[in-house]
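Reviewing the structure listed below.
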Amino acid sequence: MRRQEKADRIGGILDELYPETPIPLDHRDPYTLLVAVALSAQTTDKKVNEVTPALFAVADTPAKMAALDPLEIQELIREIGLAPTKARNLWTAAHQIVEAGGELRPDWGFLESLAGVGHKTAGVVMAQAFGVPAFPVDTHIHRLAARWGLSNGTSVERTERDLKAVFPRDTWNDRHLQIIFFGREHCPARGHDLATCPICSFTATKTRIAAEAAGSRRAAVVRRAPRVR
119 MRRQEKADRI GGILDELYPE TPIPLDHRDP YTLLVAVALS AQTTDKKVNE
169 VTPALFAVAD TPAKMAALDP LEIQELIREI GLAPTKARNL WTAAHQIVEA
219 GGELRPDWGF LESLAGVGHK TAGVVMAQAF GVPAFPVDTH IHRLAARWGL
269 SNGTSVERTE RDLKAVFPRD TWNDRHLQII FFGREHCPAR GHDLATCPIC
319 SFTATKTRIA AEAAGSRRAA VVRRAPRVR
């Protein structure tokens with residue numbers, strides 16, 4: 119099956135499974151979405167949503183965030199992974215936004231110039247806050263694109279280009295969320311039977327299916343092996 123044929127069939131399955139694509143991170147506006155996405159790096163969306171209410175009660179605008187001390191921000195997000203670094207980045211980015219006029223704007227260069235904001239975070243804000251077609255690729259999408267044969271998986275940048283090439287531009291903003299939802303609910307990284315997966319079963323090569331099955335068996339053996347004291 120050609121790559122485009124796979125993508126067309128995958129798109130139909132995802133549209134049927136996820137006709138609605140709610141943003142999993144709680145937010146109020148473009149700025150609070152930016153903050154939530156920045157905090158989500160190496161942290162679950164659930165944990166971010168548990169932490170941000172207290173943070174946003176104190177600092178839900180760049181001006182309010184900039185008025186805090188980085189240690190105050192760190193205390194508010196202390197349960198988040200890499201809290202010290204993220205606190206400093208939030209404080210620095212808030213100052214950058216204030217100095218640029220106080221508001222976020224749908225500008226790739228501006229967003230990516232902010233402390234702690236990479237291309238993926240900027241893409242989420244552009245897509246979900248401003249409605250600009252983008253295809254943010256996180257580690258889950260990168261993994262599934264390779265598993266499904268839609269990209270060679272050499273880099274996140276290459277994966278983004280490959281996915282944009284096979285999915286219509288007007289589907290990008292929904293499609294990246296649909297793939298994340300599908301990965302969480304149906305296509306986990308470990309212990310997954312590709313042969314019975316609604317998508318992997320027709321997209322993954324026989325070699326890949328066999329390799330992942332063998333990897334799962336080895337992992338199971340390691341888990342069952344008695345510990346040597």
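Residue numbers (the numbering used here): 119 to 347. We treat Cβ as the ideally placed atom computed from N, Cα and C, and that holds for glycine. Here the structure is a predicted model, which means the values were calculated and not measured.
Nonlocal neighbours in the same chain, by C-beta distance under 7 Å from residue i, ignoring five residues either side
i	result
residue 316	131, 304
residue 240	226, 229, 230
residue 269	263, 276, 277, 280, 281
residue 322	265, 266, 267, 312
residue 167	143, 144
residue 195	157, 169, 173, 201, 204, 205
Residue i - containing alpha helix (DSSP H), residue span
i	result
residue 150	148 to 157
residue 129	121 to 135
residue 253	That residue, residue 253, is in no alpha helix (DSSP H); it is neither H nor E in DSSP.
residue 160	Neither: residue 160 is in no alpha helix (DSSP H) and is coded neither H nor E.
residue 237	237 to 246
residue 229	226 to 230
Three-state class that DSSP yields for residue i in the structure shown
i	result
residue 285	coil
residue 185	helix
residue 143	coil
residue 315	coil
residue 268	coil
residue 169	helix
residue 192	helix
residue 299	helix
residue 93	This structure does not reach residue 93, given that the chain is present from 119 up to 347, and the question cannot be answered.
residue 274	helix
residue 179	coil
residue 304	coil
residue 220	coil
residue 292	helix
residue 325	helix
residue 138	coil
residue 310	coil
residue 233	coil
Outcome for residue i when other beta-carbon atoms lying within 10 angstroms are tallied against a minimum of 16
i	result
residue 230	exposed
residue 244	buried
residue 291	buried
residue 171	exposed
residue 176	exposed
residue 422	Here the chain has residues from 119 to 347 only, and residue 422 is not among them.
residue 249	exposed
residue 296	buried
residue 256	buried
residue 324	exposed
residue 246	buried
Rounded distance between the beta-carbons of residue j and residue i, thought under 8 Å
i	j	result
residue 276	residue 307	With a Cβ gap of about 20 Å, residue 276 and residue 307 do not count as contacting.
residue 234	residue 211	6 Å
residue 173	residue 155	Not quite, the Cβ-Cβ distance comes to about 13 Å (not below 8 Å), so this is no contact.
residue 129	residue 181	Not quite, the Cβ-Cβ distance comes to about 42 Å (not below 8 Å), so this is no contact.
residue 299	residue 136	5 Å
Cutoff 6 Å; reference residue i; Cβ partners in own chain excluding five residues on either side
i	result
residue 222	148, 149
Same chain only: Cβ atoms within 8 Å of residue i, ignoring 5 sequence neighbours per side
i	result
residue 203	234
residue 242	151, 155, 252, 254
residue 340	Confidence in residue 340 is poor, its pLDDT being 49 and thus under 50, which makes the residue's placement unreliable; the coordinate value appears in the next sentence. Around residue 340: no qualifying Cβ.
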